[in-house]
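*Asks:*
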Amino acid sequence: MADVYAGSQVGLGLVLGSIAPGPEFAAYAERFPTRSTCMAAQDIDKDLIEDMRK
892 MADVYAGSQV
902 GLGLVLGSIA
912 PGPEFAAYAE
922 RFPTRSTCMA
932 AQDIDKDLIE
942 DMRK
């Protein structure tokens with residue numbers, strides 16, 4: 892899950908401006924949401940949110 896953490900930090904850094912929007916970071920941020928580990932983490936988050944709403 893280290894890649895999910897790193898990808899999240901890059902994405903957040905780009906949004907907040909703490910990471911310069913160079914072409915490498917921008918390309919990584921575009922690819923990141925399609926990675927299987929990212930999608931698995933999002934599924935886990937969705938399940939946890941649903942459980943909290945019950």
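Throughout, the numbering used here is defined as the position within the sequence shown, counted from one, plus 891. Yeah, the Cβ is synthetic: ideal placement off N, Cα and C, and Gly gets one too. As the structure is a prediction and not an experimental result, all values here were calculated from the model.
Looking at the C-beta of I910, does it have a partner C-beta in chain B at a distance below 9 angstroms?
*Replies:* The structure shown contains no chain B; it holds only a single protein chain.
*Asks:* Provide the residue span of the alpha helix (DSSP H) that contains A911, from first to last.
*Replies:* No alpha helix (DSSP H) contains A911, which DSSP labels as neither H nor E.
*Asks:* Can you give the Cα-Cα distance for E915 and A932, rounded to whole angstroms?
*Replies:* For E915 and A932, the distance between alpha carbons rounds to 23 angstroms.
*Asks:* How about M892 and T925: are their beta carbons less than 9 angstroms apart?
*Replies:* Not closer than 9 angstroms, so no.
*Asks:* Quick check: the Cα distance between D936 and Q900, rounded to an integer number of angstroms?
*Replies:* Looking at the two C-alpha atoms, the distance is approximately 17 angstroms.
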